[in-house]
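Enquirer: If you're matching positions, the sequence shown starts at 55 in the numbering used here and goes up one per residue.
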Amino acid sequence: MNPVEAEAGNGQAVAAARTRAHARAYRHSGRVRAMRRLIPVVAGGAVALLLAYLFNPFAAPLPGVSVGPVTLAGSKVRMENPRLSGFRQGTRGYEVTADAALQDVRKPSQIELQQMRGHIATDDQGGIARLSATSGLFDTAREALDLKDDIRIWTDKGEEARLRSAAVAFKTGSISSQEPVTVSSPRANVKADTLDVVENGKRISFIGNVHVVIANEEQAEKPQARILTSDAEAADGAR
55 MNPVEAEAGN GQAVAAARTR AHARAYRHSG RVRAMRRLIP VVAGGAVALL
105 LAYLFNPFAA PLPGVSVGPV TLAGSKVRME NPRLSGFRQG TRGYEVTADA
155 ALQDVRKPSQ IELQQMRGHI ATDDQGGIAR LSATSGLFDT AREALDLKDD
205 IRIWTDKGEE ARLRSAAVAF KTGSISSQEP VTVSSPRANV KADTLDVVEN
255 GKRISFIGNV HVVIANEEQA EKPQARILTS DAEAADGAR
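Encoded structure:
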């Protein structure tokens, strides 16, 4: 092989290596974009559905709303098994339930929620996102919802976020958590000490001890199918 042929061969090898590197980078950026969408679309979207009804859950009945017995204990009104369901953006269904909602007549702007569960359609192809939280406090004056204790958000595509607490501010379109958060998908995992989502998900920040693991395509796990239950509970006892 003469020097000209050798140089041409080396050039082709370099070009091929660059092409493979660009392809890997493109796949990596696609995975990152998917991870960035998980929190705002799932968390923000599911929680925002509570807003219309929770501004006054004891007002006149609304379409798609059902409740169990309403009782008064001391200064608190307790509503059993509140349920809100309907459709958003045409055919995208949703349902939000709780074991109970409590309102203190001395603090009418604050509503306590116990054992929240919900699901929401994320696209027109049947994609579903689900939300569960042990407790929550909705403040109509601040237009804010504080979720606590074992918050779980997951989709039927194998994406999942786990938080110990989350503060949702509807006015500013922000979600924040000052406790450890874990976000996972079949292709990547992110862990951090805190989380900040602002401008309705346009910017997402994982802060403090951030660990990111991105799986190779060969190692990526296939998402497991989940069954949607009518009362918005996690299927197969997945909590």
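Glycine included, C-beta positions come from ideal geometry on N, C-alpha and C. From a predicted model like this one, the values you see are computed outputs, not experimental measurements.
Enumerated in chain order, which unbroken segments of the beta strand (DSSP E) with a length of 3 residues or greater are wholly contained in the region 169-205?
Expert: 182-193
Enquirer: Rounded to the nearest angstrom, what separates Leu116 and Thr188 at their Cα positions?
Expert: The sequence position of residue 116 within the sequence shown is 62, counting from 1. The sequence position of residue 188 within the sequence shown is 134, counting from 1. In this prediction, Leu116 scores a pLDDT of 44, lower than 50, which makes its location untrustworthy; the coordinate-derived value is nonetheless stated afterwards. Going by the C-alpha atoms only, they are around 25 Å apart.
Enquirer: Can you tell which of Thr125, Glu134, Gly180 has the C-alpha that lies nearest to the C-alpha of Ala154?
Expert: For the purposes of this step, residue 154 is taken as the residue at position 100 of the sequence shown. Taking only the C-alpha atoms, the option nearest Ala154 is Glu134.
Enquirer: Closer than 8 Å by C-beta to Ser219: which residues in its own chain qualify, once you throw out the five before and the five after it? Chain order, please.
Expert: Residue mapping note: residue 219 aligns to position 165 of the sequence shown, counting from 1. The residues are Asp200, Leu201, Lys202, Asp203, Ile205, Ser231, Gln232, Glu233.
Enquirer: Would you kindly check if the distance between the Cβ of Val235 and the Cβ of Ala242 is under 7 Å?
Expert: Locating residue 242 in the sequence shown gives position 188, counting from the first residue. Locating residue 235 in the sequence shown gives position 181, counting from the first residue. Contact: no.
Enquirer: Indicate whether Ala223 and Ala183 have their beta-carbon atoms separated by less than 7 Å.
Expert: As a position in the sequence shown, residue 223 is number 169, starting the count at 1. As a position in the sequence shown, residue 183 is number 129, starting the count at 1. Cβ atoms of Ala223 and Ala183: not closer than 7 Å.
Enquirer: Name the residue from Ala152, Gly147, Gln169 whose alpha carbon lies nearest to the alpha carbon of Asp178.
Expert: Here residue 178 refers to the residue found at position 124 when the sequence shown is read from its first residue. The option with the nearest alpha carbon to Asp178 is Gly147.
Enquirer: Does the distance from the CB of Glu214 to the CB of Ser186 come in under 7 Å?
Expert: Here residue 214 is taken as the residue at index 160 of the sequence shown, counted from 1. Here residue 186 is taken as the residue at index 132 of the sequence shown, counted from 1. Cβ atoms of Glu214 and Ser186: not closer than 7 Å.
Enquirer: Which ranges does the beta strand (DSSP E) cover as unbroken runs of at least 3 residues, wholly within the region 207-262, from first to last along the chain?
Expert: 214-223, 228-231, 235-238, 242-246, 248-252, 257-261
Enquirer: Identify whether Asp158 lies in helix, strand or coil by the three-state DSSP scheme.
Expert: Against the sequence shown, residue 158 aligns to sequence position 104. Note: Asp158 maps to strand in three-state DSSP.
Enquirer: Consult DSSP for Val264 and reduce its assignment to one of helix, strand or coil.
Expert: The residue labelled residue 264 in the question sits at position 210 within the sequence shown. Looking at Val264 - three-state DSSP - the assignment turns out to be coil, as it is neither helix nor strand.
Enquirer: Within a Cβ cutoff of 6 Å, which residues of the same chain sit near Arg216, ignoring the five residues on either side of it in sequence?
Expert: Taking the sequence shown and counting its residues from 1, one reaches residue 216 at position 162. Correct list, in chain order: Arg206, Thr236.
Enquirer: List the residues that DSSP assigns as beta-bridge partners of Ser129.
Expert: Locating residue 129 in the sequence shown gives position 75, counting from the first residue. Partner(s): none; Ser129 has no beta bridge.
Enquirer: With a threshold of 6 Å on Cβ separation, who are the neighbours of Leu167 within its own chain once the five nearest residues in sequence on each side are excluded?
Expert: The residue given as residue 167 occupies position 113 in the sequence shown. Counting only Cβ-Cβ distances below 6 Å, and skipping sequence neighbours, we find Ala152, Ala155, Gly190.
Enquirer: Exposed or buried, Glu253, counting other C-beta atoms within 10 Å across all chains shown (16 or more means buried)?
Expert: If you number the sequence shown from 1, residue 253 lands on position 199. Glu253 comes out exposed.
Enquirer: Near Lys161, which residues of its chain fall below 8 Å by C-beta distance, leaving aside the five closest residues on each side in sequence?
Expert: The residue you call residue 161 lines up with position 107 of the sequence shown. No residues qualify anywhere along the chain.
Enquirer: What does the alpha-carbon distance come out to for the pair Ala175 and Val150?
Expert: Locating residue 175 in the sequence shown gives position 121, counting from the first residue. Locating residue 150 in the sequence shown gives position 96, counting from the first residue. Going from the Cα of Ala175 to the Cα of Val150 covers about 12 Å.
Enquirer: Is it right to say Arg137 is buried, meaning 16 or more other beta carbons lie within 10 angstroms of its own, or is it exposed?
Expert: Your numbering for residue 137 matches position 83 in the sequence shown. Burial call: buried.
Enquirer: Using only the alpha-carbon positions, how far apart do Asn270 and Ser139 sit?
Expert: For this step, residue 270 is matched to residue 216 along the sequence shown. For this step, residue 139 is matched to residue 85 along the sequence shown. Spanning the two alpha carbons is a distance of roughly 39 Å.
Enquirer: Who are the Cβ neighbours of Ser163 in its own chain at under 7 Å, not counting the five residues just before and after it?
Expert: As a working mapping, residue 163 is identified with position 109 in the sequence shown. Excluding residues within five positions, the ones whose Cβ falls inside 7 Å are Asp193, Thr194, Ala195.
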